[in-house]
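Undergrad:
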Amino acid sequence: IAAGWLVPMIRKRIVCEIYEACGLGSFFTILILGHGGVGTQLNVLALRIIGLIILVTGASFVISAFVALKRKGKPETGWENTTVMIDSNIFRTVRHPLYLGTAISATGLMLLYQSIPSTVLGVVSVFCCWMASRKEDAFNIEKFGDSYQEYMEKVPMWNAFKGLRK
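Those letters in the sequence shown? Residues 4 to 169, per our numbering, in order.
1. Under the three-state reduction of DSSP, which class applies to S118: helix, strand or coil?
2. Is the CB-CB distance between G111 and G39 below 8 Å?
3. Which value, in whole angstroms, describes the spacing of the CA atoms of P159 and V123?
4. Between S29, Q152 and G42, which has its C-alpha nearest D90's C-alpha?
5. CA-CA distance, I57 and S108?
6. Which stretch, first to last residue, makes up the alpha helix (DSSP H) that contains V158?
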């Protein structure tokens with residue numbers, strides 16, 4: 004899945020998308036390996052329950068972002084090629100809910116599967132999502148100009164707690 008997305012982004016040299024594809028690739032690899040029982044797994048029930056709760060929380064960020072992008076972003080093609088900047092719904096709380104949600108979900112998977120491979124891949128996924136967020140800010144400044152710069156000053160990149168307090 005990620006490879007089919009990664010190659011065109013490398014050709015277009017869209018750095019945030021390259022990081023995103025690598026983060027998603029790591030995320031889905033955790034799912035596959037974890038579900039297959041690859042690696043020595045602990046089985047601490049409390050951690051598995053916490054991991055599941057964290058996974059669902061992350062998924063809610065991702066789903067909310069997908070819905071907002073599709074409905075409010077006025078995409079020309081697909082769902083991610085928005086033509087207008089979105090600063091409502093989940094995007095009022097954090098600038099990059101897709102990346103944050105993926106990172107939160109990867110953390111949940113690390114706790115759910117409790118293995119060395121899932122932990123390593125989870126850290127890689129979180130790092131790639133963080134870098135994608137940082138690089139997408141630069142991309143969006145070019146795309147949306149000063150309005151995105153003002154949006155960056157008002158809305159935190161990932162700190163949902165800070166975003167909720169404003």
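Every residue, glycine too, gets a C-beta built ideally from N, C-alpha and C.
Keep in mind that this is a model prediction, so the values were computed, not measured.
TA: Checking against the coordinates, here is how it stands:
1. strand
2. Contact: no.
3. The alpha-carbon atoms of P159 and V123 are separated by roughly 27 Å.
4. Q152
5. In a straight line, the C-alpha of I57 is about 6 Å away from that of S108.
6. Neither: V158 is in no alpha helix (DSSP H) and is coded neither H nor E.
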